[in-house]
Structures are given as C-alpha cells and as structure tokens.
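Following: one structure in structure tokens, then a few remarks.
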Amino acid sequence: MSFGDEHGHGNDPGRTTDDGFGGMGQTRTRLPDGGAGDGYGGARRPQRSSRSLIAMVGVVVLLIAAIAFANRGGGDDAGTSGAGGGADNASGPEPTAASGVKPVTGKNGGIPSGFAKDEQGAESAAANYAVALGSDGMFNQERRRDIVQAVAHTDSATKLQSGFDADYSPSFVADIGLEPDGTAPAGSTFVNRTLPAGTKVTKFANNAADVDVWCMGLFGLTGEASTKPVTNGWFTVNVKLKWDGSDWKVVETSQKTGPTPVTGDNPVSGSDEIADAVTEFGGFTYAR
Numbered sequence: 001m002s003f004g005d006e007h008g009h010g011n012d013p014g015r016t017t018d019d020g021f022g023g024m025g026q027t028r029t030r031l032p033d034g035g036a037g038d039g040y041g042g043a044r045r046p047q048r049s050s051r052s053l054i055a056m057v058g059v060v061v062l063l064i065a066a067i068a069f070a071n072r073g074g075g076d077d078a079g080t081s082g083a084g085g086g087a088d089n090a091s092g093p094e095p096t097a098a099s100g101v102k103p104v105t106g107k108n109g110g111i112p113s114g115f116a117k118d119e120q121g122a123e124s125a126a127a128n129y130a131v132a133l134g135s136d137g138m139f140n141q142e143r144r145r146d147i148v149q150a151v152a153h154t155d156s157a158t159k160l161q162s163g164f165d166a167d168y169s170p171s172f173v174a175d176i177g178l179e180p181d182g183t184a185p186a187g188s189t190f191v192n193r194t195l196p197a198g199t200k201v202t203k204f205a206n207n208a209a210d211v212d213v214w215c216m217g218l219f220g221l222t223g224e225a226s227t228k229p230v231t232n233g234w235f236t237v238n239v240k241l242k243w244d245g246s247d248w249k250v251v252e253t254s255q256k257t258g259p260t261p262v263t264g265d266n267p268v269s270g271s272d273e274i275a276d277a278v279t280e281f282g283g284f285t286y287a288r
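Counting in the UniProt record's numbering, the sequence shown runs from 1 upward without gaps.
The following block contains the structure:
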C-alpha cells in the first residue's frame, strides 16, 4: 500500500513512495510528367503541361494560405484540437494533454491543496500527493507523519500512518545507509524523488476517484563511498481519493513497476554533479 515496499532491496529504486500522440498529415503533390510518352500528341503537350503546372501552383498557394489562417486560431480552439488531430478528439484534449488550467495556490504543510472537485482536480491531487509520498521526507519519522496527515482522508489517516511507519522502519532506514533521522551520512547526499510523467483517471464518482500516476523515480546516495549510487526507475502509483468536503484526500495507495522505456545513451553524470542538481533544482506543483 505504500511506496516503500521495494525500496531498500535494489530492485525498484524509484518505488518509495497513456495518452494519444497524433501524427502529422502530409500532402504529396505530383507535378505533370514532362516525358514524351503521351498518346495524346506532341505539339500541344507543352501548353497543357504549363496550364497544369500553373493550376497546381495555385492550389498549393491556396493550401498554404488556408493552413496559415487555421494556425492563427488560439484560445479555446487550441484546446480542442487534440493530440490525435482526428474527429474523435474534437471534444477536448487527450487525457494527459495540458489543459491550461492553473495549479492550485493553497498549501497544507508545504503540499499543494484545494483541488477542484472534478476529474482534472483529482488527477492534479494524485500527482502532487504521489510526489509528497515519494519524497525523502518520508524517511524522517516526524516529517513522514506531517506528510501523511496533510494528504490523508480522516477516515484512513490512522491506517495509512501505521502502514507507512512500518515500511520506513529504523532497520530499513539503516539498511539504506541513512542516519536514524533519515539524513545522509557525512560526505554524501540522499536522493529520493518521484517525478510524474502522466495521470489517468480509472474511476470517478461524485465523492471518490481512482487515479493512476505514471512516474519516474530517483533513488540512492551520492558520494565516492556510496554502495547505493543514484539510479532511476519507472513505476505507476494508484491513488484512491475521497472528497472530504473541500479537497481530495488519500484513502489508499498501491504501486506496480513500469511502463519502462528503453534507457537512453546519455553519459552518466558524476556523483558530485548529481548532488549539486538535487540541491539546486526544486520540485513542481503538478496540474494537468
């Protein structure tokens, strides 16, 4: 039920804690054949070819003008074009397409709050809660309890708290190589981040929602003496939410591995560079 079930065992470093892409149509214009093999005669051929070429150029010019005019549209039209570009997408954007709706401005214990009571609000809540529940703060007992109390529904807070406390036990924290308070040993930096790549509502009712959050996670310790270097992994977190009268709150979480893309050929950065990046780059408030 938590993001911690696989964490210290080296198999899923990101675990602490869809999606249409349209093609682009192309119009191929075939100009008249200039060859002599036409059975309709020789002397008049140049005149017909010239007229056809002029007609084709005119059509191309008209097409370019029409495309330029269509691309000038903005506002609501941009949101209804859809990623796929087909008739089925005319009613709105694809599930993970950006809608342009601004993120919430409220905070509860440093965690975004005050999400709208609709599917998009549930997606944004699930993404932000996945980030909080998959952060390095979960390895510190006091901070972990603050995080859980901020995101949990009152009906499930006790159950969630006891589950996460069991996952992040003192022995588990020590096995990773951290100090008892969840901090990194001297000379190293602890990295544990959850980065949502997309969201999908799998069930939605008036006061309840199930949302899948596809994530990439970073996990490990920087430093020359580290036996757990920072690695990345892909996983999907299912967040069950319940409306508490003013906001979406977590009832239960679960996790599965993947979908995992092919690893790129980027050169691996040094330990110091990773440590600097973690210190210098902050996180985001996520809104679809």
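Note that beta-carbon positions come from the ideal geometry of N, C-alpha and C, so glycine has one too.
Around the Cβ of residue 225, are there at least 16 other Cβ atoms within 10 angstroms (buried) or fewer (exposed)?
exposed
Bridge-paired residues (DSSP) for residue 212:
200 and 238
Could you name the residues that DSSP lists as bridge partners for residue 113?
106
Would you call the region 190 to 206 and the region 141 to 152 touching, i.e. three or more CB-CB distances under 8 Å?
no
Pick from 190, 151 and 232: whose alpha carbon is nearest that of residue 109?
151
Can you check whether the CB of residue 122 is closer than 7 Å to the CB of residue 241?
yes
The alpha helix (DSSP H) with residue 124 in it runs from where to where?
119 to 133
Under 7 Å, do residue 113 and residue 106 count as touching if we go by C-beta distance?
yes
Can the beta-carbon of residue 275 be found closer than 7 Å to that of residue 213?
no
Please report the Cβ distance between residue 185 and residue 177, rounded to the nearest whole angstrom; I am assuming they are in contact, meaning their Cβ atoms lie under 8 Å.
7 Å
Alpha carbon to alpha carbon, what distance is there between residue 116 and residue 104?
9 Å
Name, in chain order, the residues that DSSP records as bridge partners for residue 253.
239
Would the region 151 to 165 count as touching the region 250 to 268 if we require 3 or more Cβ pairs under 8 Å?
yes
Using 7 Å as the threshold, is the C-beta distance between residue 219 and residue 192 below it?
yes
Within its chain, find whatever has a CB closer than 8 Å to the CB of residue 161; leave out the 5 residues flanking it on each side and keep chain order.
145, 148, 149 and 152
Buried or exposed: which applies to residue 91, given that a residue is buried once 16 or more other Cβ atoms fall within 10 Å of its Cβ?
Here the model assigns residue 91 a pLDDT of 49, short of 50, so the residue's position is not dependable, and the following value carries that caveat. Exposed: under 16 other Cβ atoms inside 10 Å.
Using alpha carbons as the reference points, say which of 215, 136, 179 and 169 lies closest to residue 278.
136
Run the CB neighbour count on residue 271, radius 10 Å, all protein chains shown included, and call it buried at 16 or more, exposed below.
buried
So, under 8 Å CB-CB, residue 215 and residue 236 are touching, yes? Tell me the CB distance rounded to an integer number of Å.
7 Å
Rounded straight-line distance, which links the Cα of residue 131 to that of residue 125
10 Å
Distance CB(residue 221)-CB(residue 172) smaller than 7 Å:
no
Nearest-angstrom Cβ-Cβ length linking residue 264 and residue 234, presumed shorter than 8 Å:
13 Å between Cβ atoms; not a contact.
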